[in-house]
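Under numbering that gives the first Met the number 0, think of the first position of the sequence shown as 0, with each following residue one higher.
Beneath this line is the structure, given in structure tokens, with notes to follow.
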Amino acid sequence: MRGTGILWQLLAKASETSTSKAGHGPGLNRRDVLAGLAAMGLASAWDGSALAAAGRTSRIAIIGAGLAGLVALDRLVAAGLDATIYEARGRIGGRVLTSTGLPETNLYVEDGAHLVNTNHTDILALARRFNIGLIDRGAMVARERFVVDGVELSEAVLIAEFRPLAARIAADATLVDEDFERNAPRFDAMSVRQYLDGAGAAATPRARALVEATIRTEYGSEPGDVSALELFFNLPAIADDRVALISGSDERYSLAGGSSTIPRALAEPLMDRIRTGHALLSVRRKGKALVLAFANGQSVTADRVIITVPAQILRTIDFGDTLPPAWQSLTQEFSCGRNEKINAGYATRPWEPLVGAGGAAWAARTGEPGLFSEFWGASAGQDSVPEGVLTWFFGGSQVSGLQDLGPEGILRACEREIAPAVPGLAARTLRRTAWAADPYAQGAYSRFLPGQLTRYAAHFWSEDDDGKVTAPLPSGAILFAGEHLSDSHTGYMNGAAQTGRLAANQIIAGVNRA
């Protein structure tokens, strides 16, 4: 997940004059907005009172061996419970997938999840537990370069163009803050494209192009397919004429040895409880138990089930009458955006003098999606060899262009596109991802269409800074986990690990009460 960090940095700097004169920014955050929307919703009509608590002998099936499933298995087994993972693929890790030796022999890169925020406490705790080192990208030289319509723009020029839009977003976020029940659903029902259209002259063509580029990276979607409410989360707050970025999306760390080190460490002692080659087709009631049928012709009976598959895969499972209506609707509506990478290998790292090891370069075109949105150094922290790898990141309809031109053709075009800011790039190797074509992912990570945050706000796992947990609306003997159901960490490994932990804890708490 990439994108909002640089957007909020620009908005913050653009707001330094206008917002500090006007007062304090509201500082909306995703957790509080979802909590407010959930409180506005109707109480669940699902009767969970007849559901017996899980016991020590209960059979627990976990669907999916990504981070959410592996964390849930780890906790349940540690609590002495009988839990088994059923994974569709022939490997563990899900959308966490490190490639070693490709595209460059002496380096590893991430096909999937990569970056870790400072507030990603679950991932940081797992790294400490398994003695996995952190690469501190925040300590590296990091600069951002911007090319819009083939011309490099300075940050000062962009800040000036962002000022009217920053003021507009701040004013509208204040409306949400002051009259939440009226305005939060109103802006959620609006797409980012509609919001920018309504902003008129405040959304200058170049500022709009960059906002749209961040939407493509952050959500893998075109601006018309993303709730405008997402623009207001983590708006910079102003205090004593100073800007304080309250966004937690600093993407400061990566994992030494690659992101796959964590799922491998979790799975290693539990392999006898992991069944690969089991793609779930359906769930049916059998008395008080559930029968799970798999594409390989096998079936199992379980007393509790934790579903951790990606959002897009939920709709491929026939849940019959096992779910309350709202959860059934969610499984048919939640989806993943389209993001892909080209990890391109270079004999040297000519970008580092221009953006630093931890920096990035952005490209945007006014009035069209453009070829790509961003690149960053994927080999940062692997400094024992001169070779390097850039991750070129594509989102939304840019993925269609990648498919049309092919990876090498699009890469050469992208290198030409960014040349006004970072000249001289000529990759010698490449490796592209294909998450949208993966039958067990069908996309990159979750995105939320207009209206979905309001409609499903009560279906997210929430955990505040003091550790107080708010569980989703009841869903019977089936629990759901995954990055798409984290109130604060959607799109990140931490969202998967957090929700897997919380789902397992809910089952354990039920056992302890029994």
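A virtual CB, placed ideally from N, CA and C, is assigned to each residue, including glycine.
No experiment lies behind these values; they were computed from the predicted model shown.
With a cut-off of 8 Å on Cβ pairs, the region 299-314 is in contact with the region 436-443, counting three or more such pairs. If you draw a straight line from the Cα of residue 502 to the Cα of residue 434, it is about 26 Å long. In this structure residue 336 is buried. Its beta-carbon is surrounded by 16 or more other beta-carbon atoms within 10 angstroms. Here residue 65 is buried. Its C-beta has 16 or more other C-beta atoms within 10 Å.
The three-state secondary structure of residue 205, taken from DSSP, is helix. In this structure, residue 107 lies near residue 97, with their beta-carbon atoms less than 9 Å apart. Between residue 75 and residue 67, the CB-CB gap reaches or exceeds 9 Å. Between the alpha carbons of residue 418 and residue 176 lies a distance of about 42 Å.
The continuous stretches of alpha helix (DSSP H) do not include residue 434, and DSSP gives it neither H nor E. Around the beta-carbon of residue 407, fewer than 16 other beta-carbon atoms lie within 10 Å, marking it exposed. Residue state for residue 390 is assigned as strand, using DSSP reduced to three classes.
When C-beta atoms of the region 395-415 are compared with those of the region 357-372, three or more pairs fall below 8 Å, so the two segments count as touching. Annotated three-state conformation of residue 317 is strand, per DSSP. Annotation for residue 459: 33, 471, 484, 485, 486 place their beta carbon closer than 7 Å to its own, counting only its chain and skipping 5 residues before and after.
Taking the C-beta atoms as reference points, residue 430 is found nearer than 9 Å to residue 344. For residue 326, the enclosing alpha helix (DSSP H) stretches over residues 324-332. With a 10 Å radius around the Cβ and a threshold of 16 neighbouring Cβ atoms, residue 184 comes out buried. Counting only the Cα atoms, residue 187 lies some 29 Å from residue 321. The region 264-277 makes no contact with the region 111-122: fewer than 3 CB pairs, one atom from each, lie closer than 8 Å. Under DSSP, the beta-bridge partners assigned to residue 97 are 109.
Counting other Cβ atoms within 10 Å of its Cβ, residue 300 stays below 16 and is therefore classed as exposed. Here the C-alpha atom of residue 129 lies approximately 26 Å from the C-alpha atom of residue 384.
A Cβ-Cβ separation of about 5 Å places residue 112 in contact with residue 95 under the 8 Å criterion.
Non-local C-beta neighbours of residue 456 in its own chain, meaning closer than 7 Å and more than five positions away in sequence, comprise 33, 36, 37, 40, ordered along the chain.
Straight-line spacing of the CA atoms in residue 105 and residue 382 works out to 10 Å. Using a 10 angstroms sphere on the CB of residue 294, the tally of other CB atoms stays under 16, which defines it as exposed. Distance from the CA atom of residue 450 to the CA atom of residue 413, rounded to whole angstroms, is 34 Å. Here the alpha carbon of residue 141 sits roughly 10 Å from the alpha carbon of residue 375. Of the candidates 99, 316, 152, 286, 316 places its Cα closest to the Cα of residue 292. Residue 138 counts as exposed, since fewer than 16 other C-beta atoms from the protein chains shown sit within 10 angstroms of its C-beta.
If you compare the alpha carbons of 201, 194, 205 with that of residue 229, the shortest gap goes to 194. DSSP places residue 187 within a helical segment (H, G or I) once states are collapsed to three. By the 16-neighbour rule on beta-carbons within 10 angstroms, residue 180 is exposed. Cβ-Cβ distances below 6 Å link residue 506 to 53, 303 in the same chain, with the five nearest sequence neighbours on each side left out; the list follows chain order.
The beta carbons of residue 446 and residue 220 sit closer together than 9 Å. The beta carbon of residue 191 sits closer than 6 Å to those of 214, 222, 225, 227, all from its chain and outside the five residues before and after it, given in chain order.
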